[in-house]
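Here is the structure we will look at.
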Ligand SMILES: Nc1ncnc2c1ncn2[C@@H]1O[C@H](COP(=O)(O)OP(=O)(O)O)[C@@H](O)[C@H]1O
Ligand SMILES: [Mg+2]
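Residue numbers (full-length UniProt numbering): 1 to 458.
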């Protein structure tokens, strides 16, 4: 029997469906509704034939039940559900408007100050989804809703829960193709990196009022696969953030939503708990990917990891360039891939990556940090990118002979690869030897210090 207007949902409450339509999507219609006991406004999404295989089979409902176990601030998931004939009704908190509606009323996009908080909200939503091990797969302005004074990611209709084996649904027929990442056009599965690409598309659209690429499906396909995205007309830091999200190569996008959030201008870093949870989920995701046969071959994974590490290093150098140039207008940064060079007059600071296959598990890229001043070259440190779990981290290592050896020297790096690896193995094994290693995380501040030392000496 088809419900006319009121029904009892799984949470024990009675709801009434009102005639006002809120929207229509791929799966059915969304209408305004209310909880009869207290008049609390809700949205009610009818999924045509959604109850056929049992409500539990509905992906959006499964994901909602999972999300309710976690405290998420930037996700808008169904509260409850009911079955109506063959249809499934999802009861969702009522949002004020969608980001698609917001964009429709800003034909030329939003000012940078106004769009940053929107991007922060959506990125937080992705961090929370990532923490739950869920890939959204359909992130676009119509699926971002304003609720309780913030933008929330909604519509988990084609999301995939990485903890549950579910068949792959292709994106064909699922609305617009303006937000579909290159790897998906190539027929590869969506990952968190594809959600990050969609976030880049949304960021571009918020800044300009139009999508990154225009045209019909075939043209969009061509552009997403081959056309370098135009730069977003925003400040350089945000423009770089957007262009990194829009990289054709998933391995060169930020590592995960938490990394994207940390890199967003003026956005606060994720709270420790969320970030930790996101990384944990990432590890679970890897295991799942392996089970589902989505894992890359070891060689492909190692190559992707090196591209990720290099992209992270270049991004860091770009930030250094941006920061240092305020104080040192003559500073020049040259990005030659394996060689990253900062120069001021004759003084140079270089990161030179070695391409040796060292076959050490967990070690992604290694190189030397050289300074050149008054014509003399000195190896000041080594840079080392290591994997811990599924995260890559760059370190700045210096060594000095320790007190046992009785020789006091300025901390330095190893300019010889063979020497570096011999000592690296010693340090990994622990125990006593004549060298002591000082390790710090390679940050913008650490590189600015190196530059400062160099300029002071020259
Ligand atoms: N909770 C809600 N509050 C207000 N409007 C909503 C709500 N959920 C959906 N809508 C409107 O309905 C549209 C389609 O809903 P969505 O959940 O994205 O369904 P579909 O899976 O069919 O795309 C949204 O873009 C939005 O405009
Ligand atoms: Mg939708």
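Just so you know, even glycine gets a beta-carbon here, dropped at the ideal spot from N, CA and C.
Just so you know, these numbers come straight off a predicted model, no measurement behind them.
The chain-ordered list of residues whose CB is nearer than 6 angstroms to some heavy atom of ligand 2 reads 25, 142, 143 and 155. Within its own chain, the residues whose Cβ lies closer than 6 angstroms to the Cβ of residue 34, once the five positions on either side in sequence are excluded, are 16 and 41, listed in chain order. Distances from the alpha-carbon of residue 378 to those of 347, 386 and 226 put 347 closest. Around the beta carbon of residue 441, fewer than 16 other beta carbons lie within 10 angstroms, which makes this residue exposed. Around the Cβ of residue 359, a 10 Å sphere holds fewer than 16 other Cβ atoms; the residue is exposed.
Between residue 103 and the set 236, 394, 206 and 312, the nearest pair of CA atoms involves 206. The distance from the Cβ of residue 23 to that of residue 108 is about 24 angstroms, inconsistent with a contact at the 8 angstroms cut-off. Secondary structure of residue 35 (DSSP, three-state): strand. Residue 242 sits close to residue 232, with the two beta carbons spaced by under 8 angstroms. Taking a contact to require three or more Cβ pairs closer than 8 angstroms, the region 112-131 and the region 63-79 qualify as touching. The shortest CA-to-CA distance from residue 387 to any of 309, 372 and 19 is the one to 309.
The C-beta distance from residue 142 to residue 92 rounds to 14 angstroms, too long to meet the 8 angstroms contact threshold. Here residue 336 carries a strand assignment [DSSP, helix/strand/coil]. Annotated as distal: residue 121 and residue 192, with beta-carbon spacing of 8 angstroms or more. Residue pairing from DSSP places residue 82 in a beta bridge opposite 89. Secondary structure of residue 125 (DSSP, three-state): helix. Not one heavy atom of ligand 1 lies closer than 7 angstroms to the C-beta of residue 441. Going by C-alpha positions, residue 105 is about 55 angstroms away from residue 438.
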